[in-house]
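Encoded as structure tokens, the structure appears first; notes follow it.
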Ligand code: ATP
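In the working numbering, the protein residues as written are 1 to 356.
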């Protein structure tokens, strides 16, 4: 296929490094003699025909900027047949030969729907939660974690002065990647994530023992997806219980969206650049319905439906029939990847406990 014009969009939650992906897409396409347009606010812009032409010059100096210059939105209408019809009309009327969609699993569902309608589409992982099972790494993760690190280091300073414990809730949805890795990197005395059972009493004992050794400050990191018996955020209840059980004055801090902004780190700029360039190559090679991932520091691709089903398997959300259509080799590969991710969590969590 002779590509002349491609579209790029950012969708779902924004992530630092999305601009670096847009830059890479525009530049790689331009080098191949292909024009790029950027759809505004994700699939909303695709439905509304709201786009901007993007030249190499338009993406100068965006590599260091957080957020997304194309903006993002939760465009729920896109899931309807009418929404898809509008998007297809935009694509046809504007002679768009292919789409690169940057985001998380919802974005990929949209991308695979477009592919099913004959549009060449490539997905690229951009989400601070890093919760796409098919990839080791999603653009935005490192910057978000470094923002957490900075905040917790500050909280640690004041906790040390006042002999306090701080319970910090971090983003990540149901995934504990951010909490686990930042917990290790800030020397937390407790890390609470959904992936590994949390032994609350063992943590209380660690705090009590540490007080005996003269320690004054404590950090506990809790992933936002962990809920208590009443379905409320676990961290808030835990804050009260730590104070009751150990006598240490304990405060709660929810970092929330503060960690989503800021200039992307080297890691994110690099991954964004490599993945963006790879996405253009795939599209121009006539590939479609693929998601660009990182595995053992190399760029790899998976069929989007494979990646979405793998996610369901890993999260124990498979419904009857979800695996039909996949070969037994593909199912084995999904099982292997799911187990690999689970093992990664267990290994890292065990190391974290050893170091507490
Ligand atoms: P994040 O993980 O950061 O939230 P995401 O890509 O999962 O990112 P969503 O809001 O779930 O974020 O999805 C982004 C967009 O993708 C939606 O606004 C919608 O336009 C489209 N989308 C989501 N789910 C579907 C679906 N089932 N079918 C078609 N399109 C979808």
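The beta-carbon is built from N, C-alpha and C at its ideal position, and this holds for glycine as well.
Contact check between the segment 167-177 and the segment 188-195: three or more CB pairs, one atom from each, fall below 8 angstroms, which counts as touching. In this structure, DSSP gives residue 182 a helical state, which the three-state scheme calls helix. Contact between the segment 33-40 and the segment 143-161 is absent: fewer than three C-beta pairs spanning the two stretches fall below 8 angstroms. In this structure, residue 123 has its beta carbon at no less than 7 angstroms from each heavy atom of the ligand ATP.
By the C-beta criterion, the segment 101-110 is judged to be in contact with the segment 11-30, since at least 3 inter-stretch pairs fall below 8 angstroms. Assigned with DSSP and collapsed to three states, residue 252 falls in strand.
Linking residue 21 to residue 273 through their CA atoms gives a straight-line distance of about 6 angstroms. Per the coordinates, the alpha-carbon of residue 326 lies some 34 angstroms from the alpha-carbon of residue 350. Excluding residues up to 5 positions away in sequence, 39, 40, 41 and 44 lie with their Cβ nearer than 8 angstroms to the Cβ of residue 50 in the same chain. DSSP places residue 95 in no alpha helix (DSSP H); its state is neither H nor E.
Taking 7 angstroms as the cut-off, one finds at least one heavy atom of the ligand ATP near enough to the beta carbon of residue 75.
By the CB criterion at 8 angstroms, residue 171 and residue 129 fall inside the cutoff.
Distances from the CB of residue 43 to the heavy atoms of the ligand ATP include at least one below 7 angstroms. The ligand ATP has a heavy atom closer than 7 angstroms to the beta-carbon of residue 79.
Residue range 298-303 is occupied by the beta strand (DSSP E) that includes residue 302. In the same chain as residue 67, and ignoring 5 residues on each side of it, the C-beta atoms closer than 6 angstroms to its own belong to 14, in chain order. The three-state secondary structure of residue 39, taken from DSSP, is strand. Our two residues, residue 208 and residue 254, have alpha carbons roughly 24 angstroms apart in a direct line. In this structure, residue 98 sits near residue 6, with a CB-CB distance shorter than 8 angstroms. Across the structure, residue 247 and residue 304 are spaced so that their CA atoms are roughly 51 angstroms apart. Taking a contact as a CB-CB distance under 8 angstroms, the pair residue 87 and residue 47 counts as one, their CB atoms being some 5 angstroms apart.
Assigned with DSSP and collapsed to three states, residue 21 falls in helix.
Residue 11 has its Cβ nearer than 7 angstroms to a heavy atom of the ligand ATP. Considered as a whole, the segment 171-221 harbours 177-185 and 200-212 as its complete alpha helix (DSSP H) runs of no fewer than 4 residues, in chain order. In its chain, beyond the 5 residues on either side, 152 and 219 have a beta carbon closer than 6 angstroms to the beta carbon of residue 186.
In this structure residue 30 is not in contact with residue 263, their Cβ atoms being roughly 24 angstroms apart against a cut-off of 8 angstroms.
The beta-bridge partner set that DSSP reports for residue 223 consists of 170. The three-state secondary structure of residue 63, taken from DSSP, is coil. Listed in chain order, the non-local C-beta contacts of residue 258 below 8 angstroms within the same chain comprise 147 and 151, local neighbours out to five positions each way being set aside.
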